[in-house]
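> Structure below; questions to follow.
Residue numbers (this note's numbering): 2 to 143.
And the structure:
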């Protein structure tokens with residue numbers, strides 16, 4: 002899901018990762034504090050892997066309900082790159098993007114849930130059904 006982050010006139014002052022509740026808490030110098038679920042941050046990743054390289058190439062992120070952030074790497078003085086428990090680690094979340102994700106949480110989350118429902122997808126991780134080996138017969142070799 003593509004998000005256009007506008008320049009902001011406020012600065013990030015604090016980042017706290019609450020690992021048990023899987024919440025990233027971010028505070029800005031204008032007094033705004035946002036508590037963003039890891040799942041929400043993961044489904045709105047700014048990574049080209051999820052967004053594609055042009056509008057219309059976005060991939061709906063599904064099965065991320067239980068994803069966590071394992072660590073956070075600073076990116077210069079303008080953003081962070083979280084390492085998610087599902088192995089995703091290529092998104093750079095700028096301060097502007099984090100502010101927008103926090104400020105527009107209700108609308109963006111509702112939009113995501115509506116898209117999940119409309120496509121019949123699931124927020125929970127779906128394991129692939131076991132595939133029969135050897136075309137469905139016995140796998141023993143003689």
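No residue lacks a Cβ here, since even glycine has one placed at the ideal position from N, Cα and C.
Going residue by residue through the stretch 73–120, where are the continuous beta strand (DSSP E) segments of at least 3 residues, counting only ones entirely within it?
Listed in chain order, they are 80–85.
> Buried or exposed: where does residue 21 fall if 16 or more other Cβ atoms within 10 Å of its Cβ makes it buried?
Within the chain shown, the letter at position 20 stands for residue 21. Result: exposed.
> Which one of 91, 86 and 95 has the shortest CA to CA distance from residue 40?
As a first step, residue 40 must be located in the chain shown, where it is residue number 39. Closest by alpha carbon: 86.
> Given this structure, state the Cα-to-Cα distance separating residue 79 from residue 96, to the nearest angstrom.
Counting from 1 along the chain shown, the entry for residue 79 is found at position 78. Counting from 1 along the chain shown, the entry for residue 96 is found at position 95. Between residue 79 and residue 96, the C-alpha separation is close to 6 Å.
> In angstroms, rounded to a whole number, what distance separates the CA positions of residue 77 and residue 16?
In the chain shown, residue 77 corresponds to position 76, counting from 1. In the chain shown, residue 16 corresponds to position 15, counting from 1. Residue 77 and residue 16: Cα-Cα distance of roughly 15 Å.
> Since I believe residue 89 is in contact with residue 46 (beta carbons under 8 Å), could you give me their beta-carbon distance rounded to a whole number of angstroms?
The residue labelled residue 46 in the question sits at position 45 within the chain shown. The residue labelled residue 89 in the question sits at position 88 within the chain shown. Confirmed, about 7 Å.
> Let me know if residue 68 comes out buried or exposed under the rule of 16 or more other beta-carbons within 10 Å of its beta-carbon.
Start at 1 with the first residue of the chain shown, and residue 68 comes out as number 67. Per the 10 Å Cβ criterion, buried.
> In three-state terms, what does DSSP make of residue 142?
Here the question's residue 142 lines up with position 141 in the chain shown. Interpretation of residue 142 is limited by its pLDDT of 42, a score under 50 that renders its predicted location unreliable; the figure taken from the coordinates is listed afterwards. If DSSP states are grouped into helix, strand and coil, residue 142 belongs with coil.
> For residue 84, which residues of its own chain have a beta-carbon under 8 Å away from its beta-carbon, when the five flanking residues on both sides are left out?
Indexing the chain shown from 1 puts residue 84 at position 83. Cβ within range, chain order: 70, 71, 72, 73, 74 and 90.
> Thinking just about the alpha-carbon of each residue, which of 60, 126 and 44 is nearest to the one in residue 111?
Position 110 of the chain shown, counted from the first residue, corresponds to residue 111. Among 60, 126 and 44, the Cα nearest to that of residue 111 is on 44.
> Please report the distance separating the alpha-carbon of residue 9 from that of residue 42.
Along the chain shown, read from residue 1 onward, the residue named residue 9 stands at position 8. Along the chain shown, read from residue 1 onward, the residue named residue 42 stands at position 41. Their backbone Cα atoms lie some 19 Å apart in a straight line.
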